[in-house]
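Shown next, in the form of structure tokens:
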């Protein structure tokens, strides 16, 4: 039976009835973050997924910052009653760039991070926390297949992504059909927008194009969200300096000093617990009677 910790700062961490912390898998962390980002921009909940942990307030604030910065240009593309041909083109350009990101950029990023060169020991360690089985169960559910299905995870991912890619391609074809039946002015605006849309969210290196100089550090904090929450509840009490030292162990963390980091934490309202703050868990229903 699972119980949840009581976190007055806005976060909850799943735990077992015995009081030990149950660490979410990488897949679960990514899906939970996806849910929070969708919520921040006003989208429907992610189908078929129940968040494994409540998101702390500081992490929600990062999602709101993303909405106000790197996602701002995309949200402006929401269609209105009157067709805006330049925005229509931007939407198609964005779609094409996202397709390239998944087919070309992601493999390059994984290679750059060295995930294609893991030793047997490193691979075993990664497999233990990746949540591959959890991922299989999720996609089997989405594809309406029995849990006993023997299809590999790669096959399931291909099957799940195929209709989405086909749908995106249909959008492109419909858009090109519509613009072909417009005058030269509308066509010019459409293709101008298509060129702009290609880099409106991601640049040619697969990095965010939006205006947020702190997107990288936000990403690091979100990636270590679970570890950050543990630090906020440990004894002796941890400080922002301790947190920054831990983040500096990541090669991707671009450190700019303690004063800068304090400012980052202030902006998202990330405070470390005071002296003596325990890592609390609720008692299970069975033990509480």
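Residue numbers (this note's numbering): 1203 to 1491.
Positions of the beta carbon are idealized from the N, C-alpha and C atoms, including for glycine.
Problem - Start-to-end residues for the alpha helix (DSSP H) that takes in residue 1337 - result: Position 135 of the chain shown holds residue 1337. Here the alpha helix (DSSP H) through residue 1337 covers 1334–1344.
Practice task
Classify residue 1404 as helix, strand or coil using the three-state DSSP reduction.
Solution key: Mapped onto the chain shown, residue 1404 falls at position 202. In the structure shown, residue 1404 sits in a strand (DSSP, three-state: E or B).
Exercise for the section: Decide if residue 1468 is buried, meaning its Cβ has at least 16 other Cβ atoms within 10 Å, or exposed. Expected result: For the purposes of this step, residue 1468 is identified with residue 266 of the chain shown, where counting begins at 1. When all chains shown are included, residue 1468 counts as exposed.
Handout entry: Cβ separation of residue 1279 and residue 1293, assumed to be a contact under 8 Å, to the nearest whole Å
Key = Translated into the one-based positions of the chain shown, residue 1279 becomes position 77. Translated into the one-based positions of the chain shown, residue 1293 becomes position 91. About 5 Å separates the two Cβ atoms, so the contact holds.
Practice task
Express the C-alpha separation of residue 1402 and residue 1395 in angstroms, rounding to a whole number.
Solution key: Reading the chain shown from its first residue, position 193 is the one you call residue 1395. Reading the chain shown from its first residue, position 200 is the one you call residue 1402. Near 10 Å, if we compare the C-alpha coordinates of residue 1402 and residue 1395.
Practice task
Go ahead and pull the three-state DSSP assignment for residue 1234.
Solution key: By one-based count along the chain shown, residue 1234 stands at place 32. It is helical.
Exercise for the section: Note down, in chain order, each residue of its chain lying with its Cβ closer than 6 Å to the Cβ of residue 1420, except the 5 sequence neighbours on either side. Expected result: Looking up residue 1420 in the chain shown gives position 218. Same-chain partners within the cutoff: 1264.
Handout entry: Three-way DSSP call (helix, strand, coil) for residue 1410 in this model
Key = Position 208 of the chain shown, counted from the first residue, corresponds to residue 1410. Residue 1410 falls in the strand class under three-state DSSP.
Problem - Residue range of the unbroken alpha helix (DSSP H) whose run includes residue 1474 - result: The sequence position of residue 1474 within the chain shown is 272, counting from 1. That residue, residue 1474, is in no alpha helix (DSSP H); it is neither H nor E in DSSP.
Handout entry: Which of helix, strand or coil DSSP assigns to residue 1377
Key = Here residue 1377 is taken as the residue at index 175 of the chain shown, counted from 1. Helix at residue 1377.
Handout entry: Backbone CA spacing between residue 1426 and residue 1368 [nearest angstrom]
Key = The residue labelled residue 1426 in the question sits at position 224 within the chain shown. The residue labelled residue 1368 in the question sits at position 166 within the chain shown. One C-alpha to the other measures close to 34 Å.
Practice task
Kindly indicate which three-state DSSP category residue 1229 falls into: helix, strand or coil?
Solution key: Within the chain shown, residue 1229 is the residue found at index 27, counting from 1. Residue 1229: helix per DSSP, three-state reduction.
Practice task
Give the secondary structure of residue 1457 by DSSP, where H, G and I count as helix, E and B as strand, and everything else as coil.
Solution key: For the purposes of this step, residue 1457 is identified with residue 255 of the chain shown, where counting begins at 1. Three-state DSSP puts residue 1457 in coil, outside helix and strand.
Practice task
Pair every Cβ in the region 1283–1290 with every Cβ in the region 1385–1393, then say whether three or more of these pairs are closer than 8 Å.
Solution key: yes
Practice task
Check residue 1223 in the structure and name its three-state DSSP category.
Solution key: If you number the chain shown from 1, residue 1223 lands on position 21. For residue 1223, the predicted structure reports a pLDDT of 48, less than 50, and the residue's modelled location is therefore unreliable. A value from the coordinates is still provided. Looking at residue 1223 - three-state DSSP - the assignment turns out to be strand.
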